[in-house]
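Sequential numbering of the sequence shown, starting at 39, is according to our numbering.
A short worksheet on the structure shown next.
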Amino acid sequence: MSNSSHLSWHAKSGESALAESLTALGTTYSELSSQKWDPDTSTIVGIRDIHLCTLAPKDNDWSFLLLHLNSNLAESVAAEISKSSTRPSIAFHEFNQAAWGFVVFKGGEEVARFWNDPVTVQIDPTSCNVSAARVASLFSVAKSAVEPYIHQINYELSYDKANPEDEFALDDHWVRCDFMNKLGLPYADPGSSGTRHVFIPELGVNT
39 MSNSSHLSWH
49 AKSGESALAE
59 SLTALGTTYS
69 ELSSQKWDPD
79 TSTIVGIRDI
89 HLCTLAPKDN
99 DWSFLLLHLN
109 SNLAESVAAE
119 ISKSSTRPSI
129 AFHEFNQAAW
139 GFVVFKGGEE
149 VARFWNDPVT
159 VQIDPTSCNV
169 SAARVASLFS
179 VAKSAVEPYI
189 HQINYELSYD
199 KANPEDEFAL
209 DDHWVRCDFM
219 NKLGLPYADP
229 GSSGTRHVFI
239 PELGVNT
């Protein structure tokens, strides 16, 4: 089984906010001497790509960090970053390509948690079923924009896209990217413009 996670935050300096938060958590990130990917070994400067993070920092806008595979840092970093911002931060999770969820933090505190398939991740459904109104309020968007995505799925039913312009059906874990779009948050694909790979050590995961 595998898990992926990424987070988005809004800060005057996205990169400084991340660096300060990692320091507060007792870690840091390091730059790579090259961003060139070796297709023969699936590495960058000798480090397996699944052990690297993708960073897309922005100033006075939403920054993005895709963590290394199976990282457990997303929520702690998002919570720490939110302490120094007037905006919420949000950590997204994907579990075994079968379920997705998110946790929102404000002022260092968890204020919303959601999983679309709590049975798969073995979590009490009542502990991860936030209202669309709450999420809309936190991100200053219309409730109608996010409501179709914030439903726990029933595998006895079939699902289509929430909106014609979406890329994914509601039972596809990648629908979180359509949801992010409704929140005004970019998903930065590794290697796309404005991104770079960095290394964040996590004992027992990528070190």
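We put the beta carbon where it would ideally sit given N, CA and C, even for glycine.
Item, Value
"Could you give the residue range of the alpha helix (DSSP H) that holds residue 174?", "170–177"
"Mind checking if residue 184 is an interface residue toward chain B, Cβ cutoff 8 angstroms exclusive?", "Absent from the structure: chain B. Only one protein chain is present."
"Which runs of the beta strand (DSSP E) spanning at least 3 residues fall entirely within the segment 139–221, listed in chain order?", "147–153"
"Flag this pair as touching only if the segment 62–80 and the segment 103–121 have three or more C-beta atom pairs under 8 angstroms; answer yes or no.", "yes"
"Which residues bound the beta strand (DSSP E) around residue 46?", "41–49"
"Please name the residue, chosen from 140, 196, 222, 94, that lies closest to residue 231 on a Cα-to-Cα basis.", "94"
"If you check the beta carbons only, do residue 130 and residue 184 fall under 8 angstroms apart?", "no"
"Quick one: Cα of residue 74 to Cα of residue 164, how far?", "45 angstroms"
"Hey, quick one: how far does the beta strand (DSSP E) through residue 296 stretch, first residue to last?", "Since the first residue of the chain shown is 39 and the last is 245, residue 296 is not available in this structure."
"Measure the Cβ-Cβ separation of residue 3 and residue 152 and say whether it is below 8 angstroms.", "Shown here, the chain extends from 39 to 245; a query on residue 3 therefore has no answer."
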